[in-house]
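For the sequence shown, counting from 1, position 15 maps to 1155 in this note's numbering; every step adds exactly one.
All residues carry an ideal CB built from backbone N, CA and C; glycine is no exception.
Here is the structure we will look at, set down as C-alpha coordinates.
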Amino acid sequence: MHTHHPHPVKANAKREPIDRVMDVVAVVSPMLGVPQVIQIFTSQDASSLSLFSWASFAGVSTIFLLYALKHQLRPLIVTQILWLAVYAAIIPGILIYG
1141 MHTHHPHPVK ANAKREPIDR VMDVVAVVSP MLGVPQVIQI FTSQDASSLS
1191 LFSWASFAGV STIFLLYALK HQLRPLIVTQ ILWLAVYAAI IPGILIYG
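So this is what it looks like as C-alpha coordinates:
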(Lines of atoms letter the chains of each structure in order from A and count residues from 1; the text may use other names and numbers.)
(Lines give C-alpha, C1' and ligand atoms only; values in the text may rest on other atoms or scores of the structure.)
Protein backbone atom coordinates (compact mmCIF):
# COMPACT_ATOMS: atom_id res chain seq x y z
CA MET A 1 0.00 0.00 0.00
CA HIS A 2 1.45 3.34 -1.06
CA THR A 3 0.93 6.30 1.23
CA HIS A 4 1.14 9.68 -0.44
CA HIS A 5 1.40 12.97 1.42
CA PRO A 6 -1.35 15.23 0.02
CA HIS A 7 0.79 18.39 -0.10
CA PRO A 8 4.52 17.74 -0.44
CA VAL A 9 6.61 20.88 -0.75
CA LYS A 10 7.86 21.06 -4.32
CA ALA A 11 10.75 23.26 -5.41
CA ASN A 12 8.61 24.85 -8.14
CA ALA A 13 5.44 25.22 -6.04
CA LYS A 14 4.03 28.68 -5.42
CA ARG A 15 5.46 29.90 -2.14
CA GLU A 16 3.04 31.47 0.32
CA PRO A 17 4.11 33.96 3.00
CA ILE A 18 3.85 31.22 5.65
CA ASP A 19 6.37 29.19 3.64
CA ARG A 20 8.87 32.04 3.87
CA VAL A 21 8.19 32.41 7.59
CA MET A 22 8.80 28.69 8.09
CA ASP A 23 12.10 28.93 6.21
CA VAL A 24 13.26 31.55 8.73
CA VAL A 25 11.84 29.73 11.77
CA ALA A 26 13.49 26.48 10.62
CA VAL A 27 16.89 28.14 11.08
CA VAL A 28 16.20 30.56 13.93
CA SER A 29 14.49 28.06 16.24
CA PRO A 30 17.46 25.71 16.68
CA MET A 31 19.76 28.69 17.16
CA LEU A 32 17.86 29.34 20.39
CA GLY A 33 19.72 26.32 21.80
CA VAL A 34 23.17 27.77 21.06
CA PRO A 35 23.28 29.87 24.28
CA GLN A 36 22.82 26.62 26.24
CA VAL A 37 25.80 25.11 24.41
CA ILE A 38 27.90 28.20 25.10
CA GLN A 39 26.89 28.22 28.78
CA ILE A 40 27.82 24.56 29.25
CA PHE A 41 31.27 24.88 27.74
CA THR A 42 32.19 28.30 29.17
CA SER A 43 31.03 27.49 32.70
CA GLN A 44 32.11 23.84 32.41
CA ASP A 45 29.00 22.99 34.40
CA ALA A 46 26.02 20.98 33.20
CA SER A 47 25.01 19.62 36.59
CA SER A 48 21.55 21.18 36.38
CA LEU A 49 20.77 19.64 32.98
CA SER A 50 19.04 16.33 32.46
CA LEU A 51 20.80 13.89 30.14
CA PHE A 52 17.55 11.95 29.83
CA SER A 53 15.64 15.04 28.69
CA TRP A 54 18.19 16.19 26.13
CA ALA A 55 18.70 12.66 24.77
CA SER A 56 14.92 12.31 24.52
CA PHE A 57 14.69 15.59 22.61
CA ALA A 58 17.30 14.20 20.20
CA GLY A 59 15.28 11.00 19.79
CA VAL A 60 12.10 12.92 19.05
CA SER A 61 13.95 15.12 16.56
CA THR A 62 15.20 12.01 14.79
CA ILE A 63 11.61 10.77 14.40
CA PHE A 64 10.49 14.19 13.12
CA LEU A 65 13.41 14.19 10.68
CA LEU A 66 12.51 10.76 9.31
CA TYR A 67 8.89 11.88 8.89
CA ALA A 68 9.96 15.08 7.17
CA LEU A 69 12.28 13.21 4.82
CA LYS A 70 9.53 10.74 3.88
CA HIS A 71 7.10 13.57 3.12
CA GLN A 72 9.66 16.00 1.66
CA LEU A 73 8.92 18.75 4.19
CA ARG A 74 11.96 20.97 3.68
CA PRO A 75 11.55 23.40 6.62
CA LEU A 76 11.06 20.50 9.02
CA ILE A 77 14.09 18.71 7.56
CA VAL A 78 16.26 21.79 8.04
CA THR A 79 15.12 22.52 11.57
CA GLN A 80 15.51 18.93 12.75
CA ILE A 81 19.02 18.63 11.30
CA LEU A 82 19.99 21.86 13.04
CA TRP A 83 18.40 20.76 16.33
CA LEU A 84 20.29 17.48 16.11
CA ALA A 85 23.51 19.48 15.72
CA VAL A 86 22.62 21.43 18.88
CA TYR A 87 21.90 18.20 20.75
CA ALA A 88 25.18 16.77 19.45
CA ALA A 89 26.91 19.61 21.31
CA ILE A 90 24.75 19.65 24.46
CA ILE A 91 24.73 15.91 25.17
CA PRO A 92 28.53 15.51 25.24
CA GLY A 93 28.69 18.66 27.38
CA ILE A 94 26.35 17.02 29.88
CA LEU A 95 28.43 13.84 29.84
CA ILE A 96 31.67 15.78 30.36
CA TYR A 97 30.50 18.46 32.82
CA GLY A 98 27.30 16.98 34.30
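Helix, strand or coil at residue i [DSSP, three-state]
| i | result |
| --- | --- |
| alanine 1186 | coil |
| tyrosine 1237 | helix |
| leucine 1172 | coil |
| arginine 1160 | helix |
| arginine 1155 | coil |
Continuous alpha helix (DSSP H) stretch holding residue i: start and end
| i | result |
| --- | --- |
| leucine 1242 | This structure cannot settle anything about residue 1242, because the visible part of the chain is limited to 1141 through 1238. |
C-beta contact flag for residue i and residue j at 8 Å
| i | j | result |
| --- | --- | --- |
| isoleucine 1230 | glutamine 1176 | yes |
| leucine 1205 | isoleucine 1180 | no |
| methionine 1171 | proline 1215 | no |
| valine 1174 | valine 1226 | yes |
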